[in-house]
């Protein structure tokens, strides 16, 4: 009789089978945790780098709602993979969601409240990027019929220009005065402001003092229209029944190429770098003027900036920038571009002394790639 114990029987296929799914589940949980932490790190990097380095401008133009897609997908994966420790993963996902939601361009309050507004509209303002005026795409009569149909007290209009191989100055002042005989008119660079109320002062804000010759953002040496590159803000002070209100008409520089430039080319990134300096200078000039302005201020126009932009964040820190009655407010592109309307590039903001009684993003009826904005202001 042998004193050697019989060896333990080898594990059967049935015994080993449960271990493999458990290993795969643990691996999946680790992967989900790793990806979630990585996404959180990306969001923190955005908060740190936006507006500070030129190449992050590319991230600022991502459709903002995309920031919520990874944490939502990862949360669903966590539900499927995790068991007893699921609540710990949910804490991590909620933290990531809390970072992303305020900069995702989503307005869930629109599901539960009515259109934004308080008080009575004393002044109606219509702000619109007119997309090369009516010179490239549109019929002039249709263009002016659309403007007149808005019946606004103040019009803040941009892209008062046309384009050949470069942007070109136009002269449509006679038509403007003919169609708006009861309005006062100011034109500067590519901005047009019309007002039923008396204009007491106007000033074109330029970036000449902030950008030197030889800087990336300096105007192209071969372009005779220097003002187009340096002047993207028109301030107009109007008198509304004895109260001076400052209207800022904006069309800030485009941060990234929207044409045929390839992201594989050096020219693409040189453009981004140049536009970064122009845009940061424009926001600096705007914010400095707002901070020094004793009057109630309204800004409106095409900022070419999403909610991810550091420039928009600087305005939201100073002013009230309302959302229209939409879960995902968007304003671009309405026509011509081969991708969905996923961006809000057009904004309005008010300072102390002004309230927003009405606000809507309205269709440009095929006349522009940008939707327009209609605002009713309550002067307090």
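In my numbering, the protein residues as written are 6 to 385. We put the beta carbon where it would ideally sit given N, CA and C, even for glycine. Bear in mind that the values here come from a model prediction, so they are computed numbers and not experimental data.
CA-to-CA, the gap between residue 384 and residue 159 works out to about 14 Å.
For residue 84, the three-state secondary structure derived from DSSP is helix. Inter-residue distance for residue 75 and residue 44 is about 8 Å (C-alpha atoms, whole angstroms). Residue 326 is bridged by DSSP to nothing; it lacks a bridge partner. In this structure residue 164 does not touch residue 213 by the C-beta definition: roughly 22 Å separates them, more than the 8 Å allowed. Annotated as proximal: residue 302 and residue 356, with beta-carbon spacing under 9 Å. DSSP, read as helix, strand or coil, puts residue 166 in coil. With respect to the 9 Å criterion, residue 319 and residue 56 are classified as neighbours on the basis of their beta carbons. Fewer than three Cβ pairs drawn from the region 136-150 and the region 348-355 lie within less than 8 Å of each other, which leaves the two stretches out of contact.
Taken through DSSP and simplified to helix, strand or coil, residue 316 comes out as helix. For residue 63, the closest C-alpha among the options 262, 271, 366 and 293 is that of 262. Across the set 124, 71 and 149, the C-alpha of 71 shows the shortest separation from the C-alpha of residue 105. In the three-state scheme derived from DSSP, where H, G and I count as helix and E and B as strand, residue 192 is classed as strand. The region 170-184 makes no contact with the region 202-217, as fewer than three CB pairs between them are under 8 Å. Under the three-state reduction of DSSP, residue 266 is assigned to coil, being neither helix nor strand.
The C-alpha of residue 338 lies about 6 Å from the C-alpha of residue 375.
Looking at the backbone, the Cα of residue 77 and that of residue 247 are separated by about 52 Å. DSSP links residue 99 through a beta bridge to no other residue. Taking the C-beta atoms as reference points, residue 37 is found nearer than 9 Å to residue 79. The Cβ-Cβ distance between residue 125 and residue 161 does not fall below 9 Å. Per the DSSP secondary-structure output, residue 364 pairs in a beta bridge with 380. About 6 Å separates the CB atoms of residue 284 and residue 316; that is less than 8 Å, so the two are in contact. Within the DSSP bridge table, the entry for residue 252 names 241 and 303 as partners. In this structure, DSSP gives residue 212 a state outside helix and strand, which the three-state scheme calls coil. Within the region 331-357, the runs of beta strand (DSSP E) at least 3 residues long that lie entirely inside it are, in chain order, 351-355.
Ranked by how close their Cα comes to the Cα of residue 308, the residues 257, 369, 222 and 156 have 257 in first place.
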